[in-house]
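Undergrad: 31 is the number of the first residue of the sequence shown in the numbering used here; add one for each residue after it.
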Amino acid sequence: KRSLQQRLEKWDITEAEMRSTLGRITITPDLQKLSDVDFVLDCTVDSLEEKQRIFSLLDKICQPHVILSSNTSTLSITEVAAATERPQRIIGTHFLQPVSRADVVELVRGLMTSDETMQTTRLLMQRLGKVAIEVYESPGYVTTRLIIPLINEAILALVEGVANVDEIDLAMRLGYGMRQGPLEMVDRMGLDTVLIVMERLWREYGDTKYRPNALLKKLVRAGHLGVSTGRGFYFYDEQGNRLEPAVQSSTGGTLL
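Here it is in structure tokens:
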């Protein structure tokens with residue numbers, strides 16, 4: 031709803047189009063309501079145990095032809111699929127943030143994922159206006175594996191007093207054409223989510239470029255998780271609009 035409201039305010043859509051879109055969305059806590067769907071996209075927390083539990087339930091609820099996809103950024107699709115009786119119909123669909131504006135989706139093929147599942151999912155992504163790229167199972171795939179070191183370096187530059195929050199993000203937006211700077215990106219992804227991803231990549235690769243910075247851990251422990259809590263590296267209003275920096279840089283360290 032937030033992204034639609036932002037598009038409405040920019041005159042990208044009309045109120046009627048917004049109401050029509052929202053009218054096609056049904057919210058329910060009952061997984062049994064998914065018994066007549068044709069495609070499932072899971073966006074639950076990136077925990078293997080939790081996803082295996084959910085996919086096991088979905089496998090029993092959904093019709094045999096239904097494709098079950100997961101928006102994971104680091105987990106093994108093969109391991110998720112092992113909890114089901116339809117591994118050939120399990121696929122990873124990793125959307126980038128912000129989903130409403132990012133054009134790319136990574137399609138992750140598990141060991142048993144069929145060509146038919148890949149093709150059907152690719153066509154669906156095209157209908158959603160996304161460009162699908164096929165990647166194979168590897169922690170972080172392509173986009174997460176490349177962006178996490180950049181995020182870590184941005185936080186380190188802040189901690190070392192190289193530049194402040196605004197300047198770091200502005201440099202990357204203007205210098206490299208990024209829609210969001212790395213620190214705003216963390217806020218929109220969720221600092222807690224980014225921390226989980228970093229810790230997993232560090233365990234998998236053993237490379238210090240993935241080791242979470244102490245400042246990130248400190249912010250998460252303080253409950254400053256980004257847009258979802260109204261505060262991360264920036265403050266945010268109720269509509270998710272970026273306000274002033276919430277973390278101030280100083281030479282030799284960072285003051286919250």
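Using N, Cα and C, we set each Cβ at its ideal position, and we do this for glycine too.
Everything numeric in this text was worked out from a predicted model, so none of it was measured.
Looking at the unbroken beta strand (DSSP E) that takes in L172, where does it start and where does it end?
TA: The sequence shown places Val at residue 172, rather than the Leu named in the question. Segment: none, V172 is in no beta strand (DSSP E) and carries neither H nor E.
Undergrad: Quick one: using the 10 Å Cβ neighbour count with 16 as the cut-off for buried, is K81 buried or exposed?
TA: Answer is buried; the Cβ neighbour count reaches 16.
Undergrad: Let me know if C73 comes out buried or exposed under the rule of 16 or more other beta-carbons within 10 Å of its beta-carbon.
TA: Exposed, because fewer than 16 other Cβ atoms sit within 10 Å of the Cβ of C73.
Undergrad: Less than 7 Å between C-beta atoms, sequence neighbours within five positions excluded: which residues of the same chain meet that for L180?
TA: The answer, listed in chain order, is P212.
Undergrad: Consult DSSP for G53 and reduce its assignment to one of helix, strand or coil.
TA: In this structure, G53 counts as helix in the three-state DSSP scheme.
Undergrad: Straight-line CA distance for E45 to G53?
TA: Taking the straight line from one Cα to the other gives about 12 Å.
Undergrad: Check whether the Cβ atoms of G122 and S144 lie closer than 8 Å to each other.
TA: It is not a contact, given that the beta carbons lie outside the stated cut-off.
Undergrad: For T174 and Q127, I'd like the C-alpha separation in whole angstroms.
TA: Answer to the nearest angstrom: the Cα atoms are 11 Å apart.
Undergrad: Find out if the Cβ-Cβ distance for the pair M142, P117 is shorter than 8 Å.
TA: Contact flag set, yes.
Undergrad: What residue range does the alpha helix (DSSP H) around I69 cover?
TA: In the sequence as presented, Ile is not what sits at residue 69; that position holds Phe. Counting along the chain, F69 falls outside any alpha helix (DSSP H), though it belongs to the beta strand (DSSP E) covering 69-72.
Undergrad: Assess, as a yes-or-no matter, whether the stretch 236-254 is touched by the stretch 193-203 under the definition of 3 or more beta carbon pairs within less than 8 Å.
TA: The answer is no - the stretch 236-254 does not touch the stretch 193-203, with fewer than three Cβ pairs under 8 Å.
Undergrad: Please name the residue in R119, E47, S279, T223 whose C-alpha comes closest to that of E190.
TA: Closest option to E190, Cα to Cα, is S279.
Undergrad: Grouping DSSP H, G and I as helix and E and B as strand, with all else coil, what is I97?
TA: Here I97 sits in strand by DSSP.
Undergrad: According to DSSP, is Q36 helix, strand or coil?
TA: It is helical.
Undergrad: Within the stretch 182-264, note down every full alpha helix (DSSP H) run reaching 4 residues or more, in order along the chain.
TA: DSSP runs (the alpha helix (DSSP H)) wholly in the stretch 182-264: 195-206, 212-219, 221-235, 244-251.
Undergrad: What three-state label does DSSP hand I84 in the structure shown?
TA: In the structure shown, I84 sits in a helix (DSSP, three-state: H, G or I).
Undergrad: Excluding five sequence neighbours on each side, which residues of the same chain lie with their C-beta closer than 8 Å to the C-beta of C92?
TA: Contacts found: L64, S65, V67, V70, L98.
Undergrad: Is the beta carbon of L61 sitting closer than 8 Å to the one on L88?
TA: Contact flag set, yes.
Undergrad: Please report the straight-line C-alpha distance between T56 and Y266, rounded to a whole angstrom.
TA: Between T56 and Y266, the C-alpha separation is close to 28 Å.
Undergrad: Taking its Cβ as the centre, do 16 or more other Cβ atoms sit within 10 Å of K160, making it buried, or is it exposed?
TA: Burial call: buried.
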